[in-house]
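As structure tokens, the structure follows; a few thoughts come after it.
2 protein chains.
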Amino acid sequence: MLFIKINAAYLYKLSSSKKTKHLLALTILGNNSAIPAYGRNPTAQVLQTNDENYLIDCGEGTQLQLAKYNIKKSKINKIFISHLHGDHYFGLIGLLSSMGLMGRTTDIHIHAPAKLEPIIQLHLDAANTTLPYKIYFHAITKEGEIANDKKITVSAFSVNHRIECWGFKFTERKKPRSILLDKVKAYEIPEAYYGALQKGENYTTKKGTIINNEDVTEPSSVARCYAYCADTIYDETLVQKIKGAHVIYHETTYLKDMEERAALRYHCTTIQAGNIAKLAEVEKLIIGHFSSKYEFLDPFLSETKEVFEKTELGLEGTCFKI
Amino acid sequence: MLFIKINAAYLYKLSSSKKTKHLLALTILGNNSAIPAYGRNPTAQVLQTNDENYLIDCGEGTQLQLAKYNIKKSKINKIFISHLHGDHYFGLIGLLSSMGLMGRTTDIHIHAPAKLEPIIQLHLDAANTTLPYKIYFHAITKEGEIANDKKITVSAFSVNHRIECWGFKFTERKKPRSILLDKVKAYEIPEAYYGALQKGENYTTKKGTIINNEDVTEPSSVARCYAYCADTIYDETLVQKIKGAHVIYHETTYLKDMEERAALRYHCTTIQAGNIAKLAEVEKLIIGHFSSKYEFLDPFLSETKEVFEKTELGLEGTCFKI
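See below:
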């Protein structure tokens, strides 16, 4: 599994490059909890493929952060809101308005708790605004698949927070096997059969000889998976829900000495996030949602690494290629 | 009339200084229209006295701008929202939430179009949040005085925009006359009469001699006035409404070659703003609400000055001591 950390400007190059065929990269736009502090913004992330920018939560100022990191609003077609605490969605109505002012006509799909829909409508009514594009609002009501397209399927899982709250799992679709061109030519297999070969089927020659699929194709790379665990109290039932994810984001609102306060507020500490990552056997843990009480973030990294070495700080503007 | 331009850090010193007895200063927090662009934020301003920070409009990111320029949220007790286009109020709910999270208990008064009240309520309900302080919502329904305190009276005036829109006039209360200490002592006027002297009354000695008020007091400085003209089409009826203001803010969404588009969108050009300032005979015009299509702002200043020399660019972080 390739895992590197790059900056957003480099990501922009990557996503435009023809060489990066199957881009899957996460950029952190905001990593602070509740009140913005020390220049840190409230929660927002964007998961990018070559075709789409999936927006995950949308705290106040997200549209400014998107501009700062050169991430195209026009490629955002699906927005996922975990819960209706302001630091996770107060930037949404501003983003939707700006998209309208910029002349967007492409539909947008919003997946979020049901109560968000009337809020959006009331804002639009107050401004006497009709957007030039259509919003499809999908209230999340149960766990399971909530969206899919050519490359990615998205499923929601409930997490344990003070109000209704959802995590999201983004999984690449299983890719077709790759044709070994020199081999299919040597066996003189007609091009018309390539599709069947990619699906894993064998080929039978006119003389009745069976050519094993494995001899003329190779498996594609593993379908990658990213899980966003939103805001949550320490809860080991989460482990089963995110199992199979290669990279996860898990909140660390507090350092380890604040476990009691964390529980009271339905949040987690560094050690607790590390535990979840360890139990879920993931390849990489990204941490964030840092409390406004902390100016410096280094202790978050060192503490979490005590439990789970493969941890990264979710610094704003950092892009994790998954 | 003292008029200087200072930076926000210096203002902070001024407002804390005992020497600046009657501070009245305006800081620009956001000067861009509609879509944030080139690092410029949507509309927000704060008018500061020694006691209070009056917040005028509250575009997305205002709470971050307040922090950036060291302006205390705790001294904001009255908020004035001109109209319900998002670039003038999408930062309000975030600010109110943060004030709650920071443990504010002091009441807050919001003066705004009526439709804002249910929007705030819906956001709070969605987050299952009860703020630790009380919001008094005052729907603006007609022109005239809408708020007052020891130092300032605020009146609203309607402006001509695509939706209901209000401008605000902040006027210092007429100050009491100043006692000339050497004179009152020479005439042996008892301290108990100082209050009456400050109101302009004469003093009669025990022997029946009348001491003229002008001999023992002097007039205080002129009560200053700032008018915020919000978003508006070119409309000369505005002149009468802002007459008497020493400093005004008037929008210049477009440069002079875009007069037609400005009218279509109920906005103004540089020349039009300059005309209003000239007709209203103000001492200073501050311009802002620049369209996102412009990267550079210099032409706004030079064009407006063609009509009205005493113009200043409303750059973010600039503080105008009125």
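Chains A and B supply the protein sequences, listed in that same order. For reference, each letter of the first sequence is one residue, going 1 to 322 in our numbering. For reference, each letter of the second sequence is one residue, going 1001 to 1322 in our numbering. Virtual Cβ for every residue (Gly too), placed ideally from N, Cα, C.
Listed in chain order, the positions of the segment 1250 to 1265 of chain B with a beta carbon within less than 9 Å of a beta carbon of chain A would be empty, since no residue qualifies. Taking a 10 Å sphere around the C-beta of A:Tyr-69, we find 16 or more other C-beta atoms and assign the residue as buried. Near chain B, meaning a CB-to-CB distance below 7 Å, the residues of the segment 121 to 138 of chain A are Leu-122, His-123, Ala-126, Ala-127 and Asn-128. Contact between the segment 56 to 72 of chain A and the segment 1071 to 1082 of chain B is absent: fewer than 3 CB-CB pairs across the two stretches fall below 8 Å. Three or more beta-carbon pairs drawn from the segment 1079 to 1091 of chain B and the segment 93 to 106 of chain A are found closer than 8 Å, and the two stretches are therefore classed as touching.
The C-alpha of A:Cys-58 is placed about 21 Å away from the C-alpha of A:Thr-130. Of all residues in the segment 52 to 81 of chain A, only Glu-60, Gly-61, Gln-63, Leu-64 and Ala-67 place a beta-carbon less than 8 Å from a beta-carbon of chain B. Not a single CB atom of chain B sits nearer than 8 Å to the CB of A:Ser-158.
Beta-bridge partners of B:Ala-1156 (DSSP): B:Gly-1144 and B:Phe-1168. Taking a cut-off of 8 Å on C-beta distances, the segment 1269 to 1281 of chain B touches the segment 1251 to 1258 of chain B, as three or more cross pairs fall below it. DSSP, read as helix, strand or coil, puts B:Leu-1026 in strand. The beta carbon of B:Ala-1230 sits no closer than 8 Å to any beta carbon of chain A. Around the beta carbon of B:Asn-1041, 16 or more other beta carbons lie within 10 angstroms, which makes this residue buried.
Between B:His-1085 and chain A, the shortest Cβ-Cβ separation is below 8 Å. In the three-state reduction of the DSSP assignment, B:Ala-1034 falls in the coil class. A:His-289 is not a Cβ neighbour of A:Ile-233, given a cutoff of 8 Å.
Contact annotation: in the segment 1287 to 1311 of chain B, residues whose CB is within less than 9 Å of a CB in chain A are Ser-1292. Interface residue (Cβ-Cβ distance to chain A less than 8 Å): B:Ile-1028 is not classified as such. A:Lys-243 is positioned such that its CB atom lies no closer than 8 Å to that of A:Glu-283.
For A:Ile-81, the closest C-alpha among the options A:Thr-43, A:Leu-101, A:Glu-52 and A:Gly-103 is that of A:Thr-43.
Within the segment 92 to 107 of chain A, the residues whose Cβ lies closer than 8 Å to any Cβ of chain B are, in chain order, Ile-93, Gly-94, Ser-97, Ser-98, Leu-101 and Met-102. No Cβ-Cβ contact shorter than 8 Å links B:Tyr-1133 with B:Arg-1177. Non-local beta-carbon contacts of B:Asp-1215 in its own chain, meaning distances under 7 Å to residues more than five positions away in sequence, involve Lys-1183 in chain order. Under the Cβ criterion of 8 Å, B:Pro-1190 is not counted among the residues facing chain A. Not one beta carbon of chain A lies nearer than 8 Å to the beta carbon of B:Phe-1170.
Each residue's CA atom was taken as its position, placing B:Ser-1033 and A:His-267 some 38 Å apart. With the rule of 3 Cβ pairs closer than 8 Å, the segment 1045 to 1062 of chain B does not count as touching the segment 107 to 123 of chain A. The Cβ atoms of A:Thr-171 and A:Cys-229 do not sit closer than 8 Å to each other.
For A:Glu-251, the secondary structure class from DSSP, reduced to helix, strand or coil, is strand. Closest by C-alpha distance to B:Glu-1164, out of B:Glu-1143, B:Lys-1151 and B:Lys-1174, is B:Glu-1143. For B:Ala-1034, the nearest CB of chain A lies under 8 Å from its own CB, placing it at the interface with that chain.
Look at A:Ile-271: its C-beta is not under 8 Å from any C-beta on chain B. Using a Cβ-Cβ cut-off of 7 Å, A:Lys-115 is close to Ala-1126 of chain B, given in chain order. Rounded to the nearest angstrom, the gap between the Cα atoms of A:Leu-23 and A:Cys-319 is 12 Å. Interface with chain A (8 Å Cβ-Cβ cutoff): B:Phe-1320 is excluded.
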